[in-house]
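For reference, the structure is listed below as structure tokens.
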Amino acid sequence: MKKQIVICYIAMVIISLFVLVPIILITIGTFTPRLELYKWPRGLISSRFTSDSFISFAQSYGVMNGLKNSIMVAVLTVVFSLLIGIPAGYSLSRFKFKGKSLFTVGVLTTRMFPIAILAVPLVKIYMGLGIYDSILGVAFIHTIFAFPFAILISHSIFASVPGELEEAAMVLGCSRLGAFRRTTLPLVAPGIAAIAIFAFIISWNEVFAATLLTLHNRTLPALIVARLEATTLDFLFASAFFMLVPCIVFIFIIRKRLLRMWGIILR
Amino acid sequence: MAEVRLENVCKSFEDVKAVDNISLHVRDGEFIVLLGPSGCGKTTTLRCVAGLEHVDKGKIFIDEKDVTDLPPAQRGLSMVFQSYAVFPHMTVFDNIAFGLKLRKASPDQIKERVKEVARLVQIEDLIDRYPYQLSGGQRQRVALARALAIDPKVLLLDEPLSNLDAALRLQMRAELKLLQRKSKVTTLYVTHDQVEAMSMGDRIAIIRNGSLEQVDTPERVFNHPENTFVGNFIGSPPMNMLECNIVEGSNIAIGNFTYKLPESVVKAIRKTKTSRVILGIRPKNITITKDRRKNAFRAKIEVIEPIGEELVVHLTVQGKLLTVIASPTQDLRMGEKVWLTPDSRKIHIFDRKTGKNLL
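If you read the sequences in order, they're chains A and B. All you need for this note's numbering is the position in the first sequence, starting with 1, plus 3. All you need for this note's numbering is the position in the second sequence, starting with 1, plus 399.
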């Protein structure tokens, strides 16, 4: 028993280091003086703290705009995915209807076609619809990536909350919607938070479609990738850091809900 | 308090008729038990009354008001589910207060009422706990308190005791009955346990395959079963059913034996003009003797089960199995040949074709 705990701890430390070390190195690199980055050998910690490269990156052309675009696209993707995923998952778990299993499989087939195949038709269609090079357009394609998972995850979450809770609430005086809001919704909130994290990260990480479908209104990753070759080390560190921070902030906000509720769910 | 009336209620799921033309009148303040084997449609009937299922045909009235198309919230009833369905994210207090808050009661009123019902079901000390900190029996009480808090016109109970252990079930059975007597709320109680039904119900509605077989007091259901199904289903061990033929007017033939029927029984049967019948007799109403008596027939003891205050004796009569309850003071051996005398006042004669009680 004790041995197992020790092994468990070692594993946790290794996994944590695997995630944390790059984050720490990127953070250090970002706040190291520019010339020091090219020195060899150099110490782990820089000689002095400076936000020069951070600021120069932030001020370089298109970055703030890209950050704004990325955040908006990601938030829209979260909203769209939840708007589709929650009702669909709820219906799958609560109602019987024709073609239910076909629907479940059908949802996944949206991921069957690589975006590379769809690239040219997609651009053509987007231009026709007038959403090429727009935030909304990128959010749409990111939603396409995220919503199958949103549906499947919410389906299993709703399935784990007994329908009798809603029925009990309805008998006691709630409408169907009111019963959902008062019983099921608070119980599935942590799961929905998890879906939100998932959708956010899918959107935040996505480069190819974002590059393809935008020209001036690039998201941050699309912008950085476009400039990757012709750039300096300090710029790279700063851009990596820039990518990291909003993601971490978002996860920390959502995480609170995640932890607070798991403790009492479904007893 | 209210009466509940079901008129020709039907409900099907795909091609299965769960409720098949049930009409039932539950009187004001009555404790009625819907009893039947699992899958007979008793829970569906209850859910139709609650409004959780929409009936295909027929009408449901609560106090002369047609509620057939009303949502559950507007029927003024409450329900205790088999799984209790206590809200896991709320304290016991909030669970009980749930219905009161929806009815926009003032905080003081809520507090007082919650206290009152919590005391009634003896959970005052648990009011601040969450359901996961409670035992099954305590959760059951919370569900009951939540249902009673809103002063329902009708209380629906769906196998509320089936998830409790045996000792607790006995205790809750008595408590529930007492509670109902005190609050005088019209109660529909679903169970598959005939002992529960007999001990709690003012009347019992026996359901099979979605249809009512008999609605009567426990005493009537036990002593005057309307058909073989009810005779078999009520009572433990079940009623003995012997297929036999009526011969020479007042005798019936059980294999090689003839058994003389009392005059009143003969009169009743003669009207129906059938001769192929089933003789029903409860295990308690047969006497085992070693010496031959008038109107007795021979049987062989196969197995004896001593269960404390009585013996359950399994015998064969001409290859047919029979159960008799005897006193442990009787000296009986397995394999022994004995004589059986049915109490002629306690026999039932059923039509073999329809299963209907002919008396």
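Ideal placement from N, C-alpha and C gives every residue a C-beta, glycine not left out.
Presumed contact (8 Å Cβ cut-off) between residue i and residue j, rounded CB distance
{"i": "B/Gly498", "j": "A/Gly176", "result": "6 Å"}
{"i": "A/Ala182", "j": "A/Ala172", "result": "4 Å"}
{"i": "A/Gly109", "j": "A/Ser157", "result": "Contact doesn't hold; Cβ gap of about 16 Å is too wide."}
{"i": "B/Pro436", "j": "B/Pro487", "result": "Between B/Pro487 and B/Pro436 the Cβ distance is about 32 Å, and since that is not below 8 Å, they are no contact."}
{"i": "B/Ile603", "j": "B/Asp615", "result": "7 Å"}
{"i": "A/Ser206", "j": "A/Ala149", "result": "7 Å"}
{"i": "B/Glu701", "j": "B/Leu714", "result": "6 Å"}
{"i": "A/Ile138", "j": "A/Met75", "result": "5 Å"}
{"i": "B/Phe656", "j": "B/Gly754", "result": "With a Cβ gap of about 23 Å, B/Phe656 and B/Gly754 do not count as contacting."}
{"i": "A/Ile154", "j": "A/Gly194", "result": "So it is not a contact: roughly 13 Å between Cβ atoms."}
{"i": "B/Ser482", "j": "A/Pro151", "result": "With 8 Å as the limit, B/Ser482 and A/Pro151 do not qualify as a contact, their Cβ atoms being about 32 Å apart."}
{"i": "B/Leu587", "j": "B/Val448", "result": "6 Å"}
As assigned by DSSP and simplified to three states, the class of residue i
{"i": "B/Gly457", "result": "strand"}
{"i": "B/Ile746", "result": "coil"}
{"i": "A/Asp55", "result": "helix"}
{"i": "A/Tyr41", "result": "coil"}
{"i": "A/Thr235", "result": "coil"}
{"i": "B/Glu429", "result": "coil"}
{"i": "B/Tyr588", "result": "strand"}
{"i": "B/Leu660", "result": "coil"}
{"i": "A/Ala162", "result": "helix"}
{"i": "A/Ala61", "result": "helix"}
{"i": "A/Arg221", "result": "coil"}
{"i": "B/Lys699", "result": "strand"}
{"i": "B/Thr688", "result": "strand"}
{"i": "B/Lys670", "result": "helix"}
{"i": "A/Trp265", "result": "Confidence at A/Trp265 is low in this model, with a pLDDT of 45, below 50, so the placement of that residue should be treated as unreliable; the coordinate-derived value is given next. Of the three classes helix, strand and coil, the one that applies to A/Trp265 here is helix, per DSSP."}
{"i": "B/Lys416", "result": "strand"}
{"i": "B/Thr740", "result": "strand"}
{"i": "B/Asn756", "result": "strand"}
{"i": "A/Leu208", "result": "Strictly speaking, residue 208 of chain A in this sequence is Asn, with Leu absent from that position. Correct three-state label for A/Asn208: helix."}
{"i": "B/Lys693", "result": "coil"}
{"i": "A/Ile200", "result": "helix"}
{"i": "B/Ile633", "result": "coil"}
{"i": "B/Cys447", "result": "helix"}
{"i": "A/Arg270", "result": "With a pLDDT of 34 at A/Arg270, under the threshold of 50, the predicted position of this residue should be treated as unreliable, though the coordinate-derived value follows. Coil."}
{"i": "B/Ile680", "result": "strand"}
{"i": "B/Ser411", "result": "strand"}
Residue j beta carbon less than 8 Å from that of residue i
{"i": "B/Gly609", "j": "B/Lys416", "result": "yes"}
{"i": "B/Ile495", "j": "B/Ala548", "result": "yes"}
{"i": "B/Ile431", "j": "B/Gly600", "result": "yes"}
{"i": "B/Ala695", "j": "B/Leu660", "result": "no"}
{"i": "B/Thr585", "j": "B/Val418", "result": "no"}
{"i": "B/Ile459", "j": "B/Phe492", "result": "no"}
{"i": "B/Met478", "j": "B/Asp557", "result": "yes"}
{"i": "B/Leu434", "j": "B/Thr444", "result": "no"}
{"i": "B/Val594", "j": "B/Lys441", "result": "no"}
{"i": "B/Pro551", "j": "B/Leu641", "result": "no"}
{"i": "B/Lys745", "j": "B/Ile677", "result": "no"}
{"i": "B/Asn626", "j": "B/Pro682", "result": "no"}
{"i": "B/Lys456", "j": "B/Cys409", "result": "yes"}
{"i": "B/Ile685", "j": "B/Val737", "result": "no"}
{"i": "B/Gln537", "j": "B/Pro559", "result": "no"}
{"i": "A/Ser56", "j": "A/Ala212", "result": "no"}
{"i": "B/Ala484", "j": "A/Leu188", "result": "no"}
{"i": "B/Ile703", "j": "B/Ile668", "result": "no"}
{"i": "A/Val126", "j": "A/Thr222", "result": "no"}
{"i": "A/Phe34", "j": "A/Phe60", "result": "no"}
{"i": "A/Tyr41", "j": "A/Leu236", "result": "yes"}
{"i": "A/Thr113", "j": "A/Ile134", "result": "no"}
{"i": "A/Ser49", "j": "A/Glu39", "result": "yes"}
{"i": "A/Val24", "j": "A/Phe203", "result": "no"}
Per DSSP, cross-strand counterpart(s) of residue i
{"i": "B/Asn644", "result": "B/Ala652, B/Arg675"}
{"i": "B/His424", "result": "B/Arg404"}
{"i": "B/Arg602", "result": "B/Ile431"}
{"i": "B/His713", "result": "B/Val702, B/Thr722"}
{"i": "B/Gln613", "result": "B/Ile605"}
{"i": "B/Asp730", "result": "Per DSSP, none; premise fails for B/Asp730."}
{"i": "B/Asp465", "result": "B/Phe460"}
Residue i CB to nearest heavy atom of the ligand ATP below 7 Å
{"i": "A/Ile257", "result": "The model on display carries no ligand, and the ligand ATP is accordingly not part of it."}
Exercise for the section: Enumerate, from N- to C-terminal direction, the unbroken beta strand (DSSP E) stretches of 3 or more residues contained entirely within the stretch 473-509 of chain B. Expected result: 476-479
Exercise for the section: Starting from the N-terminal side, write out each stretch of the beta strand (DSSP E) that is 3 residues or longer and does not extend beyond the stretch 514-585 of chain B. Expected result: 553-557
Problem - Within the stretch 97-150 of chain A, ranges of the alpha helix (DSSP H) (whole runs, at least 4 residues) - result: 103-112, 118-132
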